[in-house]
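One structure is given below, encoded as structure tokens.
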Amino acid sequence: LFQPMWKDLRFAENQVDFLIRKIKGDSYIRVLLPSNLVKRHFIFKKLETPFIIEGSYIKVKADNISEAQNIATLITSQISKSEGRVVTLSAFRMSEIYLFMEYADKFEKGEYVSYSVSNNENPLMFSLLLKKDDYTSTDDLREKIRNYTNKRLVEVSKISKLKNMSPHEIIEKEYEK
6 LFQPMWKDLR FAENQVDFLI RKIKGDSYIR VLLPSNLVKR HFIFKKLETP FIIEGSYIKV
66 KADNISEAQN IATLITSQIS KSEGRVVTLS AFRMSEIYLF MEYADKFEKG EYVSYSVSNN
126 ENPLMFSLLL KKDDYTSTDD LREKIRNYTN KRLVEVSKIS KLKNMSPHEI IEKEYEK
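In terms of the numbering used here, the sequence shown opens at residue 6 and continues consecutively.
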């Protein structure tokens, strides 16, 4: 029998299950995330590899043990960073995320990141880390961002008929340039 020479509870609590998944071709690791949204924001901002959130876990592609350990270390190193306030919004389409970003840039609200979650109704999330001197209520800000997004979608819908495209398609095309 093979006994691994390493142990890393961050992504392989059960080494046998972990190794069986790898043998079957699963190239992802799952690492438990903190529940604090500010800590999560810092983790998501730092990761440079695609990931998806599944409940309380982050699922990240790692082709080998070294990559898995590096990713787990990066995630745990960001956990100590927890200063600030975060506003999160869910979205169904990437065009909504682009408009959330547009709002944050236009009104200089802070640093943002978007990511995927395993939720079929709203598979995308937007996280905005507010500037330290911004004392806006997070509920008020969330409402302002949604109102801005709806207003922009209405504006774009006026030209969408001329272009024979949906407002979402126009916005996505504009941002994917």
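From the three backbone atoms N, C-alpha and C, an ideal C-beta is built for every residue, glycine too.
Everything numeric in this text was worked out from a predicted model, so none of it was measured.
Looking only at its own chain, which residues have a Cβ that is under 8 Å from the Cβ of Arg157, when we skip the five neighbours before and after it? Leu104, Glu107, Ile176
Given this structure, state the Cα-to-Cα distance separating Phe112 from Ser121, to the nearest angstrom. 25 Å
When burial is assigned at 16 or more other CB atoms within 10 Å of the CB, is Ile76 buried or exposed? buried
Give the range of the alpha helix (DSSP H) segment to which Tyr103 is assigned. 99-111
Alpha-carbon spacing of Leu79 relative to Arg15, whole angstroms: 11 Å
In this structure, does DSSP put Lys29 in helix, strand or coil? coil
Contacting residues, own chain, Cβ-Cβ under 8 Å from Tyr62 (five flanking each side not counted): Arg35, Val36, Leu37, Leu38
Cβ neighbours of Gly89 in the same chain (closer than 6 Å, five flanking residues each side left out): Val43, Leu134
Answer with buried or exposed for Val65, where buried requires no fewer than 16 other C-beta atoms within 10 angstroms of its C-beta. buried
Beta-bridge pairing of Val91 - partner residues as DSSP gives them: Leu134
Write down the C-beta distance between Glu101 and Thr143 rounded to the nearest angstrom, noting that I regard them as a contact closer than 8 Å. At roughly 18 Å, the Cβ-Cβ gap does not stay under 8 Å, so Glu101 and Thr143 are not in contact.
Keeping to the same chain, check which residues put their C-beta closer than 8 Å to that of Tyr117; ignore five residues upstream and five downstream. Phe105, Met106, Ala109, Phe131, Ser132, Leu133, Leu134
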